[in-house]
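Residue numbers (the working numbering): 4 to 281. Backbone N, C-alpha and C fix where the C-beta goes; we use that ideal spot for every residue, glycine too. As the structure is a prediction and not an experimental result, all values here were calculated from the model. Structure record follows, encoded as structure tokens.
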Amino acid sequence: MIKAIFFDIDGTLVTTESKALDSTRKAIAAAQAKGILCGIATGRGPVDIEERIDHLPMDMFVTYNGQIVFTKEKTIFAEPFSQGVLDEIVDFADRERRQIIFGGRHHVEGSSIMKFSQSAAVKKIAGFIPSWFPVRMTRKFMQKFSSNRKRERFAKLGILKEPIYQCVLFAAESENQKLAELLPNCSFQRSNPYSIDIIPKNGSKYHGIEKFLTAFDIQPEEVMAFGDHFNDIEMLTHVGIGVAMGNGQAETKASADYVTDTNEADGIEKALKHFDII
């Protein structure tokens, strides 16, 4: 019996227009009416989360790839970077003149370009950026010619005096191994070809989900999860029913128990009906 359902946001819960389909709203309401807890598991932070999910009424929130887990009543889990690891990330970003943002509980700071890239307006057009977009070349150009190349640019940010739960770095997929070697005390999650999420070691969406399940005495086999990208694979393979969206990555689909229709074509409603959840 399914007792909880977790949804990724971009490419899953909402459309490319960052809107929730009417079918999705009705399906989630129907599941909640049967006593099933519905929530999100996302790489996004808690900042403006209600707008990110188009004001869908959710019961729980696993944010920053599992680093902050909460309900509207309480915080269940929150694990920021240790000061030593955060210093390593800041030193790297300043030394390499990288574009990066630092995520706190209530706001994010850092590269203005990266902050803009996280906006809802940009997310709407991200799906139309071609896969061949030269991320690595663009990154090198920005490193060399950016108008804001001050020494210790990031080290002086006020937000670094607060707990930091996740960083988002502009980076090509070809850099994955290099970053893992440069920052061995971090974990990396990717949901697009243009940027990578940096979180504390061994962090993940499923790690955050586990914290929620323990708090509410729910077993993994009593959980259903929906996702579309690489950072969803672990949770899809560890819950009772893992559902990949039809628009998802091939590897994500291969890891799922079931592949539903796309986020534009009632995929969530169809999967919940397929498994007799609603």
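Is DSSP giving residue i helix, strand or coil here?
i, result
"His-161", "Residue identity differs from the one stated: residue 161 is Gly in this sequence, not His. Three-state DSSP puts Gly-161 in a helix."
"Arg-33", "Correcting the residue type first, residue 33 is Ala in the shown sequence and not Arg. If DSSP states are grouped into helix, strand and coil, Ala-33 belongs with the helices."
"Gln-169", "strand"
"Ala-274", "helix"
"Glu-112", "strand"
"Thr-45", "coil"
"Thr-27", "helix"
"Leu-89", "helix"
"Arg-142", "Annotation note: pLDDT 43 at Arg-142 (below 50); position unreliable, coordinate value reported separately. Here Arg-142 sits in helix by DSSP."
"Leu-59", "coil"
"Phe-95", "helix"
"Leu-283", "The structure shown does not extend to residue 283, since the chain is modelled only from 4 through 281, so no value can be given for it."
"Lys-22", "coil"
"Gly-211", "helix"
"Ala-218", "helix"
"Glu-267", "coil"
"Leu-185", "helix"
"Asn-1", "Outside the shown range of the chain, which is 4 to 281, sits residue 1, and nothing can be said about it."
"Ile-280", "coil"
"Gln-252", "coil"
"Phe-84", "coil"
Would residue i be called buried (16 or more neighbouring beta carbons within 10 Å of its own) or exposed?
i, result
"Arg-68", "Note on residue identity: the sequence assigns Asn, not Arg, to residue 68. Buried, because 16 or more other Cβ atoms sit within 10 Å of the Cβ of Asn-68."
"Ala-36", "exposed"
"Gly-270", "buried"
"Arg-101", "buried"
"Lys-181", "exposed"
"Pro-187", "exposed"
"Glu-213", "buried"
"Leu-16", "buried"
"Ala-183", "exposed"
"Pro-203", "buried"
"Ala-32", "exposed"
"Glu-254", "exposed"
"Glu-53", "exposed"
"Asn-250", "buried"
"Lys-75", "exposed"
"Gly-230", "buried"
"Ser-85", "exposed"
"His-232", "buried"
"Asp-257", "A quick correction: the sequence has Ala, not Asp, at residue 257. Flag for Ala-257 reads exposed."
"Pro-234", "It is Asn, not Pro, that sits at residue 234 in the sequence shown. Classification for Asn-234: buried."
Starting from residue i, follow its DSSP beta bridges and name the residues at the other end.
i, result
"Gln-192", "Asp-200"
"Asp-13", "Val-17"
"Met-227", "Ile-8, Ile-244"
"Thr-78", "Phe-73"
"Lys-261", "According to the sequence provided, residue 261 is Tyr. The question's Lys does not apply to it. Per DSSP, Val-246."
"Ile-103", "Leu-172"
"Leu-40", "Ala-7"
"Val-65", "Ala-44, Val-72"
- Does the count of Cβ pairs from the stretch 76-96 and the stretch 14-29 closer than 8 Å reach three? Result no; under three Cβ-Cβ pairs closer than 8 Å.
- Query: Should the stretch 40-49 be regarded as contacting the stretch 9-16, the criterion being three or more beta carbon pairs within less than 8 Å?
  - Reply: Yes, since at least three Cβ pairs between the stretch 40-49 and the stretch 9-16 fall closer than 8 Å, the two stretches touch.
- Message: Between the stretch 94-114 and the stretch 156-170, can you find at least three pairs of beta-carbon atoms closer than 8 Å?
- Response: They touch, by the three-pair rule.
- Message: Can you confirm whether the stretch 239-252 touches the stretch 213-230 when touching is taken to mean that 3 or more C-beta pairs between the two stretches lie within less than 8 Å?
- Response: Touching, yes.
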